[in-house]
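Asks:
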Ligand code: PEP
Ligand code: MN
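In the working numbering, the protein residues as written are 641 to 902.
The structure is reproduced here in structure tokens:
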């Protein structure tokens with residue numbers, strides 16, 4: 641089987657592009673609210689912030705967990721933006737739903753693990769919420785599709801893929817290699833599946849955000865998920881790749897969105 645989908649039905653910046661923006665991590669209530677206010681002022685409709693952070697090594701900031709979820713609720717109440725966060729376990733799903741998170745995403749370390757994906761899928765049985773599934777860290781298209789199939793088999797029909805690049809020893813340019821042929825093949829296999837690009841985790845540094853966004857648009861991607869922080873240099877995770885809401889607005893304003901992908 642492949643996927644039985646319904647349209648995502650998310651607010652978009654224009655009919656061709658949906659943008660999700662917000663910090664890598666929800667660090668403090670002030671940082672979350674300040675970043676969200678600035679993004680809302682620039683016209684952003686969907687806020688992202690990680691509250692459970694999968695870190696490569698122990699000792700890094702692992703997120704504020706449940707304590708940060710009321711901050712996201714406040715974002716929704718005060719700005720009207722929809723909210724999204726990463727879930728990696730059934731407990732995360734349950735808590736995110738309890739605090740009215742609007743959109744869930746599954747991270748690249750989790751989508752590489754079929755047991756974790758199945759447990760998340762089981763916890764979503766009977767729940768109607770959009771779920772965005774990042775590619776697994778390794779360049780395995782079948783594993784990526786399989787992760788989405790598990791969610792879909794639980795009855796979730798509003799699904800999108802997020803292309804965030806693939807781990808490699810070679811980090812000369814990219815933090816995670818884009819290997820565009822993989823999302824292109826995904827589009828060929830499942831044309832109705834919306835595909836987002838995450839230029840922040842592909843690039844790993846600010847200067848690459850604009851060209852990666854344009855490449856995604858040229859390839860006909862449907863959305864962008866971009867890490868934005870009110871004070872990026874002071875971010876507690878992924879500082880080098882985060883941009884201010886001002887810069888995001890500037891980058892989005894320069895994007896050329898064509899009628900047909902090149
Ligand atoms: C993130 O979105 O902050 C994140 C941890 O991403 P990924 O799963 O793509 O590494
Ligand atoms: Mn991040």
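Note that beta-carbon positions come from the ideal geometry of N, C-alpha and C, so glycine has one too. Just so it is clear, the structure is predicted and the values come from calculations on it, not from any experiment.
(1) Output yes or no for whether 8 Å exceeds the beta carbon distance between residue 660 and residue 688.
(2) Would you give the residue range spanned by the alpha helix (DSSP H) that residue 786 belongs to?
(3) Roughly how many angstroms lie between the CA atoms of residue 885 and residue 679, to the nearest whole one?
(4) Going by beta-carbon coordinates alone, are residue 877 and residue 682 separated by less than 8 Å?
(5) Could you check if residue 838 belongs to the surroundings of the ligand PEP, using beta carbon to heavy atom distance under 7 Å?
(6) Residues bridged to residue 868 by DSSP?
(7) To test your reading of the DSSP string, which unbroken beta strand (DSSP E) runs of 3 or more residues are found completely within the segment 682-753?
(8) When you measure from the CB of residue 841 to every non-hydrogen atom of the ligand MN, does any distance come out below 7 Å?
(9) Just to confirm the assignment, what range does the beta strand (DSSP E) spanning residue 824 have?
(10) What is the DSSP secondary structure of residue 836, reduced to helix, strand or coil?
(11) Is it buried or exposed for residue 649, if we count other Cβ within 10 angstroms and need 16 for buried?
(12) Under 8 Å by Cβ, that's how I've got residue 863 and residue 834 pegged, so tell me the actual separation to the nearest angstrom.
(13) DSSP has residue 668 in a bridge; who is on the other side?
(14) Below 8 Å between beta carbons: does that hold for residue 744 and residue 771?
(15) If you follow the beta strand (DSSP E) that residue 801 is part of, which residue opens it and which one closes it?
(16) Cutting at 6 Å between CB atoms, please list the residues of its own chain near residue 840, excluding the five before and the five after it.
(17) Report yes if the C-beta distance between residue 664 and residue 690 is below 8 Å; otherwise report no.
(18) Buried or exposed for residue 814, please, with buried defined as at least 16 other CB atoms from any protein chain shown within 10 angstroms of its CB.
(19) Find out if the Cβ-Cβ distance for the pair residue 842, residue 818 is shorter than 8 Å.
(20) My guess is that residue 789 and residue 643 are in contact by the Cβ rule of under 8 Å, so how many angstroms apart are they, rounded?
(21) Given a cut-off of 8 Å on the beta-carbon distance, is the pair residue 806 and residue 823 in contact?
(22) When you compare each of 852, 718, 799, 700 to residue 746 by their alpha carbons, which one comes out closest?
(23) Taking only the alpha-carbon atoms, compute the straight-line gap between residue 742 and residue 720 and give it to the nearest angstrom.
(24) With hydrogens ignored, establish whether the beta-carbon of residue 877 is closer than 7 Å to any heavy atom of the ligand MN.
(25) What's the gap between the Cα of residue 738 and the Cα of residue 812?
Replies: Here's the rundown:
(1) Yes, the Cβ-Cβ distance between residue 660 and residue 688 is below 8 Å.
(2) Start and end: 781-793.
(3) Going by the C-alpha atoms only, they are around 5 Å apart.
(4) Not in contact: residue 877 and residue 682 (Cβ atoms no closer than 8 Å).
(5) Set against 7 Å, the gap from the CB of residue 838 to the closest heavy atom of the ligand PEP is smaller.
(6) 883.
(7) Every beta strand (DSSP E) of 3 residues or more that sits fully in the segment 682-753 is shown, in chain order, as 686-688, 722-726, 743-746.
(8) The answer is yes for residue 841.
(9) Run containing residue 824: none in the beta strand (DSSP E); it sits in the alpha helix (DSSP H), 821-829.
(10) Here residue 836 sits in strand by DSSP.
(11) The residue in question, residue 649, is exposed, as its Cβ has fewer than 16 Cβ neighbours within 10 Å.
(12) About 6 Å; that satisfies the 8 Å criterion.
(13) Beta-bridge annotation (DSSP): residue 668 is not paired with any residue.
(14) Cβ atoms of residue 744 and residue 771: closer than 8 Å.
(15) Counting along the chain, the unbroken beta strand (DSSP E) around residue 801 starts and ends at 799-803.
(16) When the five nearest sequence neighbours on each side are left out, the beta carbons in the same chain lying within less than 6 Å of the beta carbon of residue 840 are those of 866, 867, 881, in order along the chain.
(17) Against a cut-off of 8 Å, the Cβ pair of residue 690 and residue 664 comes out as a contact.
(18) Buried is the call here.
(19) Yes, these two residues count as a Cβ contact at 8 Å.
(20) Contact flag correct, Cβ pair sits at about 7 Å.
(21) No.
(22) Out of 852, 718, 799, 700, 799 has the C-alpha closest to the C-alpha of residue 746.
(23) Near 12 Å, if we compare the C-alpha coordinates of residue 720 and residue 742.
(24) A heavy atom of the ligand MN is found nearer than 7 Å to the CB of residue 877.
(25) Roughly 42 Å separates the two Cα atoms.
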